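S.K.:
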Amino acid sequence: MAGPSQRTVSRLALASVVANAGIVVTGGAVRLTASGLGCPTWPRCTETTYTPTSEYAAHGLIEFGNRLLTFVLTAIVMATVVAVVRQRPRRRSLVRLAVVVFLGIPAQAVLGGITVLTGLNPWTVMAHFLLSMLLIGLAVLLHVRTRESDGPVLLVVKQPLRRLSQLVLVVLAVTLAVGTVVTGSGPHSGDVEAGRTGFSPASVSQLHADLVMLLIGLSIATWFALKATDAPPAVMRAAGVLLAVEVGQAAIGWTQYFTSLPVVLVGAHLAGACLVLIAASRLVLMTRAHGAVVPVSAKDAHSLRYDPISSVPGRLAPALPGKRVDKIADARESHERDRPPVRR
Ligand code: HEM
Numbered sequence: 060m061a062g063p064s065q066r067t068v069s070r071l072a073l074a075s076v077v078a079n080a081g082i083v084v085t086g087g088a089v090r091l092t093a094s095g096l097g098c099p100t101w102p103r104c105t106e107t108t109y110t111p112t113s114e115y116a117a118h119g120l121i122e123f124g125n126r127l128l129t130f131v132l133t134a135i136v137m138a139t140v141v142a143v144v145r146q147r148p149r150r151r152s153l154v155r156l157a158v159v160v161f162l163g164i165p166a167q168a169v170l171g172g173i174t175v176l177t178g179l180n181p182w183t184v185m186a187h188f189l190l191s192m193l194l195i196g197l198a199v200l201l202h203v204r205t206r207e208s209d210g211p212v213l214l215v216v217k218q219p220l221r222r223l224s225q226l227v228l229v230v231l232a233v234t235l236a237v238g239t240v241v242t243g244s245g246p247h248s249g250d251v252e253a254g255r256t257g258f259s260p261a262s263v264s265q266l267h268a269d270l271v272m273l274l275i276g277l278s279i280a281t282w283f284a285l286k287a288t289d290a291p292p293a294v295m296r297a298a299g300v301l302l303a304v305e306v307g308q309a310a311i312g313w314t315q316y317f318t319s320l321p322v323v324l325v326g327a328h329l330a331g332a333c334l335v336l337i338a339a340s341r342l343v344l345m346t347r348a349h350g351a352v353v354p355v356s357a358k359d360a361h362s363l364r365y366d367p368i369s370s371v372p373g374r375l376a377p378a379l380p381g382k383r384v385d386k387i388a389d390a391r392e393s394h395e396r397d398r399p400p401v402r403r
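Numbering (the working numbering), first residue to last: 60 to 403.
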């Protein structure tokens, strides 16, 4: 029986990104409605039942609903694993990634359980959130990889610009981590009894906002540097999308700060954090591509036409047989030097 098509695998990987981001937002809804201990124990909801009882009213239903959503996420991520395993030819790189994304779910279930059992300790809440961010990043990588080959890695922008895009991602990671400290110091703890970090919310908010300034500054610099070096349209688009979501997210951040953190805005800020992460991960991934896989024997190679890589239109040097090229200039030069005669 034929395995799933590349398109199916890619769609499932995309669904994994969406489901992982979705559960962050629904998890946020639990915290923002103070339902974090709506099911006071784990894995059961109450000491005697797996489902909420009337004693815990709406909070129980909200927390239990979020737990049920884990099953939806599990189904999607598991379907992705099955699809990459059944895909022909099977690509070990995709199988490995899909399995890691899948293993994130039991890891999150355990961490979520510890979060409940520690009475929503803010540091475990932070770890729970940041692990989700890591899983979203890996799911984005999986999605991008499903649309590429396993050929050699080629840079599609100059190396310093790739480094700059990676720096943006690192600064974003720190911004996200500090954002969770702001939350852990603020009023939205998930339950009236839950502990706080003890930091001054105003001071950590200031640090968070300073990091955001640095992030946006670097992202603007990246956009201009890419433009000045005539980067491919796909990379320019990714850089533009990142800037747009960052500015939107910063606007939500400031508005919520100056309006005493209304839950709707805090929820939107959570969704925005996922979008910024997805956009920044995509930008880094767009700065390189995997070239076409071509036969390594010289005889085979010379009997082939060179096949320009289509995923990033018009900019990639073709992969060369048996060679790993990791600089676009090298790729272009050695392509010119070694170009085999094209048979008509
Ligand atoms: C690209 C821009 C930004 C990103 C990626 C970002 C990310 C985050 C993240 C991940 C959290 C933690 C969410 C949670 O744990 O539930 C957070 C919380 C927060 N952020 Fe930002 N943020 C950005 C911009 C800003 C700005 C400009 C401000 C203005 C002061 C701001 C103010 C806050 C506040 C007050 C919280 C705590 C909300 C709460 O108590 O639940 N953010 N942010």
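Heads up, the beta-carbon is just placed ideally off N, CA and C, and yes, glycines get one too. Note that this is a predicted model, so its numbers are computed, not measured.
Based on Cα-Cα distance, which residue from Leu228, Pro148, Ala134, His187 lies nearest to Phe161?
M.R.: Start at 1 with the first residue of the sequence shown, and residue 161 comes out as number 102. Looking at the Cα atoms, Ala134 is the closest of the given residues.
S.K.: Quick check on DSSP: helix, strand or coil for Val212?
M.R.: Here residue 212 corresponds to residue number 153 of the sequence shown, with the count starting at 1. Looking at Val212 - three-state DSSP - the assignment turns out to be strand.
S.K.: Put His328 into one of helix, strand or coil per three-state DSSP.
M.R.: Your numbering for residue 328 matches position 269 in the sequence shown. His328: helix per DSSP, three-state reduction.
S.K.: In its own chain, which residues sit with a C-beta less than 6 angstroms from the C-beta of Gly245, not counting the 5 before and 5 after it?
M.R.: Within the sequence shown, the letter at position 186 stands for residue 245. Taken in chain order, the residues that qualify are Pro260.
S.K.: Would the region 179 to 193 count as touching the region 250 to 259 if we require 3 or more Cβ pairs under 8 angstroms?
M.R.: A contact exists between the region 179 to 193 and the region 250 to 259.
S.K.: Could you tell me which of Ala293, Val77, Val263 sits nearest to Gly196, measuring between CA atoms?
M.R.: For the purposes of this step, residue 196 is taken as the residue at position 137 of the sequence shown. Minimum Cα distance to Gly196 is reached at Val77.
S.K.: Could you tell me the boundaries of the beta strand (DSSP E) in which Leu347 lies?
M.R.: Within the sequence shown, the letter at position 288 stands for residue 347. In the sequence as displayed, the identity of residue 347 is Arg instead of Leu. Note, Arg347: beta strand (DSSP E), 347 to 349.
S.K.: Is DSSP giving Thr234 helix, strand or coil here?
M.R.: As a position in the sequence shown, residue 234 is number 175, starting the count at 1. Note: Thr234 maps to helix in three-state DSSP.
S.K.: Of the residues Tyr109, Leu201, Val169, Ala74, which one's Cα is nearest the Cα of Val154?
M.R.: Residue 154 sits at position 95 when you count from the first residue of the sequence shown. Among Tyr109, Leu201, Val169, Ala74, the Cα nearest to that of Val154 belongs to Leu201.
S.K.: Taking the continuous alpha helix (DSSP H) assigned at His267, which residues delimit it?
M.R.: The residue given as residue 267 occupies position 208 in the sequence shown. Its alpha helix (DSSP H) spans residues 260 to 287.
S.K.: Compute the distance between the beta-carbons of Ala80 and Cys333, then report whether it is under 7 angstroms.
M.R.: Looking up residue 80 in the sequence shown gives position 21. Looking up residue 333 in the sequence shown gives position 274. Taking 7 angstroms as the Cβ cut-off, Ala80 and Cys333 qualify as a contacting pair.
S.K.: Considering just the uninterrupted stretch of the alpha helix (DSSP H) at Trp182, what are its terminal residues?
M.R.: Locating residue 182 in the sequence shown gives position 123, where the first residue counts as 1. That run of the alpha helix (DSSP H) goes 181 to 205.
S.K.: Val131 and Ala157: beta carbons closer than 7 angstroms?
M.R.: Looking up residue 131 in the sequence shown gives position 72. Looking up residue 157 in the sequence shown gives position 98. The answer is no: Cβ separation not under 7 angstroms.
S.K.: Spell out a yes or no on whether the region 262 to 279 and the region 226 to 235 are touching, meaning 3 or more CB-CB pairs, one atom from each, closer than 8 angstroms.
M.R.: As far as the Cβ criterion goes, the region 262 to 279 touches the region 226 to 235, which means the pair count is three or higher.
S.K.: Val407: buried (16+ other C-beta within 10 angstroms of its C-beta) or exposed?
M.R.: The structure shown has nothing for residue 407, since the chain only spans 60 to 403.
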